[in-house]
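So the protein lines, in turn, are chains A and B.
The first sequence runs 1 to 200 under my numbering.
The second sequence runs 1001 to 1200 under my numbering.
Every residue gets a Cβ at the ideal spot worked out from N, C-alpha and C, and that includes glycine.
Structure first, commentary second.
Number of protein chains: 2
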Amino acid sequence: MTHKLDFYFDFSSPYGYLASTRVGQLAEKYDAEVVWHPFLLGAVFKLTNTVPLIDQLLKSDYFLRDVPRTARRYGVPFKLPDRFPFGTVTSCRAFYFVAETDPVGAVRLAQALFHAAFGEGRDVCPVEAVAAIAEEAGFDGQALAAGIQSQPVKELLKAEVDEAIRRKVFGSPFFFADGEPFWGDDRIDQIDQWFATGGW
Amino acid sequence: MTHKLDFYFDFSSPYGYLASTRVGQLAEKYDAEVVWHPFLLGAVFKLTNTVPLIDQLLKSDYFLRDVPRTARRYGVPFKLPDRFPFGTVTSCRAFYFVAETDPVGAVRLAQALFHAAFGEGRDVCPVEAVAAIAEEAGFDGQALAAGIQSQPVKELLKAEVDEAIRRKVFGSPFFFADGEPFWGDDRIDQIDQWFATGGW
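Structure (structure tokens):
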């Protein structure tokens, strides 16, 4: 691997979803290692006293237009779930539970969860929903539903959230491309160029 | 003119400055009419209870890195003025004072003000500073300093701010490309594609 891309995102972030459909191509193009870091953006918002885009006056209309428009541009499906924003503790823990033994599988699970939430507009909040999506993606849903209650998994997530705050990750998606911070799905073009040129 | 681009910006917005260096090329490429709309983002922030990026915890470090990085990418000069963010009532009024009789000249003045503020890091807040920059750009600074006190000019600016809020312009830069809203300097690529394809 010649490059490393840290990919921070919240499972409830539509722009995180959009980015998740594109990081794979970037990784292939530059033989980059992508490390997926689901975290809880709500913990950061509490710190920064920010509210989700959808709750912000004036911004929400734009947001509801920009996300589907950008999805159409990329040619990826988009459907906003009825419950939005939604809690993502379960999805995050499911990711870290799988990642402990199968990091590649964890990425596949994250993609399945993102696709269910924003490609199909499904409710991915309850444990049963996350377990069902995991089953569809080839995982043992029952083992997963039990595993995400374990203390080590809870602590893995907590450590990731703390680390995200330490690295000043204030939004989703947020990237470190060979250590250089980039915020937003719309910075992927710059990351591409950063890898291509070594920075400027 | 086959296309119309409304370009809303605050003179204190570095991303507005970055965009101002690029809208001309876009206009040429598509024979688009660009209408420059300086307004007071502070009035919107008061409404939305938002604080400038620089004042936001966690975000400010990123912002101070992203803006110069993007400027280098575009090959445009960037220097953050010591006083930032700064009041822009005078710059806005100067724009509308000139625009009343010379719309093309007003754009030239806006470019000169943006360049002084963010290309050279000069203080463009006081009337004397705005008048001096206007002089350098070939305008009568004394006439301008007097003219911006006139009631019609004040009302022109107020009407633009009201119109910006009515159109839900919540940030800077903000565009309407043939009526379609786009937020952010980083949406210029999408605007380019929007004009090229007629939308998607």
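At a cut-off of 8 Å between beta carbons, B:R1166 makes no contact with chain A. Straight across, the Cα-Cα distance linking B:D1162 with B:Y1008 is about 12 Å.
Per the C-alpha coordinates, the member of B:A1145, B:V1153, B:H1003, B:P1173 positioned closest to B:P1126 is B:A1145.
Taking a Cβ-Cβ threshold of 9 Å, none of the residues of chain A is close to B:Y1017; the smallest such distance is about 18 Å. The alpha-carbon of A:L5 is positioned some 14 Å away from that of A:V169. Within the same chain, and ignoring the five residues on either side of A:V35 in sequence, the residues whose Cβ sits closer than 8 Å to its Cβ are K4, L5, D6, F7. In the three-state DSSP reduction, A:D6 falls in the strand class (E or B). Proximity of B:F1086 to chain A, defined by a Cβ-Cβ separation below 8 Å, is not satisfied.
The shortest C-alpha to C-alpha distance from B:Y1017 to any of B:W1200, B:F1176, B:P1077, B:A1131 is the one to B:P1077. Take A:E100, set aside five residues on each side of it, and the residues of its chain with a beta-carbon closer than 8 Å to its own are P152, V153, L156, in chain order.
Per DSSP, reduced to three states, the secondary structure at A:F182 is strand. Among the residues of the segment 57-78 of chain A, those with a Cβ less than 8 Å away from any Cβ of chain B are L57, L58, K59, D61, Y62, R65, D66, R69, T70, R72, R73, in the order of the chain. Against chain A, the CB of B:F1170 has a partner CB under 8 Å away; the residue lies at that interface.
For B:D1186, the nearest beta carbon of chain A is closer than 8 Å to its own beta carbon.
When C-beta atoms of the segment 1176-1192 of chain B are compared with those of the segment 1040-1048 of chain B, fewer than three pairs fall below 8 Å, so the two segments do not count as touching. Per DSSP, B:F1084 is not a residue of any alpha helix (DSSP H), being assigned neither H nor E.
When only Cα atoms are considered, A:G121 and B:K1059 end up about 30 Å apart. The beta carbon of B:R1166 is closer than 7 Å to none in its chain, skipping five residues each way along the sequence. Contact between the segment 1179-1199 of chain B and the segment 59-68 of chain A is present, with at least three C-beta pairs closer than 8 Å. As DSSP reads the structure, B:F1097 sits in no beta bridge. Think of a sphere of 9 Å around the beta carbon of B:P1181: the chain A residues whose beta carbon falls inside it are D61, Y62, R65, D66, in chain order. In the DSSP assignment, A:F45 falls outside any beta strand (DSSP E) and within the unbroken alpha helix (DSSP H) covering 41-48.
Secondary structure at A:P173: coil, using DSSP grouped into helix, strand and coil.
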